[in-house]
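*Asks:* For the sequence shown, the working numbering assigns the number 46 to the initial residue and increments by one for each residue that follows.
Even glycine gets a Cβ: it sits at the ideal position worked out from N, Cα and C.
Values in this document were obtained by computation on a predicted structure and should not be read as measured data.
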Amino acid sequence: MVALGILVAFHVIVKRSKRLGLDHKLIADAATWILIGALVGARLVTVLFYDFQTYVAQPLEVFAIWHGGFSSVGGFIGATIVGMWFFRHKRVDVWKYADAIIFGVPIGLAIGRIGCFLIHDHPGTASDFILAVRYPDGETRLDHGLLLSINNFLMALVFALLARKKRPVGTYLAVFGLWYGVVRFILDFYRIGDATYFGLTPAQYVSVLMAVAGAWGIWRLLRNRRAKRGLSTKMDA
């Protein structure tokens, strides 16, 4: 499901870049590097912050990626670093390309998380909530994969609705950061088995940064819009 999610996300991103008049071939070139960055970042965060003692005891397990162990927020960090480097190196507008790329991320994450749900990779707390599922042990629990998949499908739908009109550069980056950050921060309180530091998971710390950055981005966009409206009013007066 992860591979399918990547393919669908790539298709959406290329289609979006063509619509915006961006170099979709450059997007395709960047995709390989960004994917590598995401995988490395996802693995490093898992090794260093989620199960460090296990990997210290069994160092070769670091390379046993077929056993799983990839942090999505680590993937965001790795993809962001590599993506910023790539587009700066190509001397293009980083924010335009980043906004086009993030547009396809929710649908890719939504599909990928279906795989997590099908194998119950991220069990949550026991619950009788309507979206809780029965686990093989007979316990009815929240399933982190299912909840994040639903959340990301909703975000993809909102992005599609927003795309009906031209939006300022940075809109989708800001919305994604705030939305994903807030939702992930809340949901991790209902996830079991993860390492915590001072009561919070590594993902929650990153989620706070994402939410703050997203909120700041939205504030900047709204401020710029008000400034443009004020300038237009003065010119018409």
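In whole angstroms, what separates the C-alpha of Thr185 from that of Arg61?
*Replies:* As a first step, residue 185 is located in the sequence shown; it is residue number 140 there, counting from the start. As a first step, residue 61 is located in the sequence shown; it is residue number 16 there, counting from the start. Rounded to the nearest angstrom, the two C-alpha atoms are 40 Å apart.
*Asks:* So what's Tyr242 in DSSP terms, helix, strand or just coil?
*Replies:* Against the sequence shown, residue 242 aligns to sequence position 197. If DSSP states are grouped into helix, strand and coil, Tyr242 belongs with the strands.
*Asks:* Ends of the alpha helix (DSSP H) at Ile143?
*Replies:* Position 98 of the sequence shown holds residue 143. The question names Ile, yet the displayed sequence has Ala at residue 143. From DSSP, the alpha helix (DSSP H) with Ala143 extends over Val139 to Leu163.
*Asks:* Return the first residue and the last residue of the alpha helix (DSSP H) that Ile229 is part of.
*Replies:* Residue numbering aside, residue 229 sits at position 184 when the sequence shown is read from its first letter. Here residue 229 is Arg; the residue named in the question, Ile, does not match the sequence. Element bounds for Arg229: Thr216 to Leu232.
*Asks:* Quick one: measure Cβ to Cβ for Ala240 and Phe94, integer angstroms, because I've assumed they're closer than 8 Å.
*Replies:* For the purposes of this step, residue 240 is taken as the residue at position 195 of the sequence shown. For the purposes of this step, residue 94 is taken as the residue at position 49 of the sequence shown. Their Cβ separation, rounded to whole angstroms, is 6 Å, which keeps Ala240 and Phe94 in contact under 8 Å.
*Asks:* Does the count of Cβ pairs from the region 223–231 and the region 182–201 closer than 8 Å reach three?
*Replies:* Because the criterion of three Cβ pairs below 8 Å is met, the region 223–231 and the region 182–201 touch.
*Asks:* Looking at the strands, I want to know which residues DSSP matches up with Ala208.
*Replies:* Against the sequence shown, residue 208 aligns to sequence position 163. None; Ala208 has no bridge partner.
*Asks:* What are the partner residues of Asp188, as DSSP defines its beta bridges?
*Replies:* What you label residue 188 is simply residue 143 of the sequence shown in a count that begins at 1. DSSP lists Pro168 as partners of Asp188.
*Asks:* Compute the Euclidean distance between the alpha carbons of Cys161 and Ala155, then round it to the nearest angstrom.
*Replies:* Locating residue 161 in the sequence shown gives position 116, where the first residue counts as 1. Locating residue 155 in the sequence shown gives position 110, where the first residue counts as 1. Cα to Cα, the separation comes out at about 10 Å.
*Asks:* Lys273 to Arg212, Cα distance in whole Å?
*Replies:* On the sequence shown, residue 273 is found 228 positions in, with the first residue counted as 1. On the sequence shown, residue 212 is found 167 positions in, with the first residue counted as 1. When rounded, the distance between both Cα atoms is 14 Å.
*Asks:* Would you give the residue range spanned by the alpha helix (DSSP H) that Gln98 belongs to?
*Replies:* Working through the sequence shown from its first residue, we reach residue 98 at position 53. From DSSP, the alpha helix (DSSP H) with Gln98 extends over Phe97 to Ala102.
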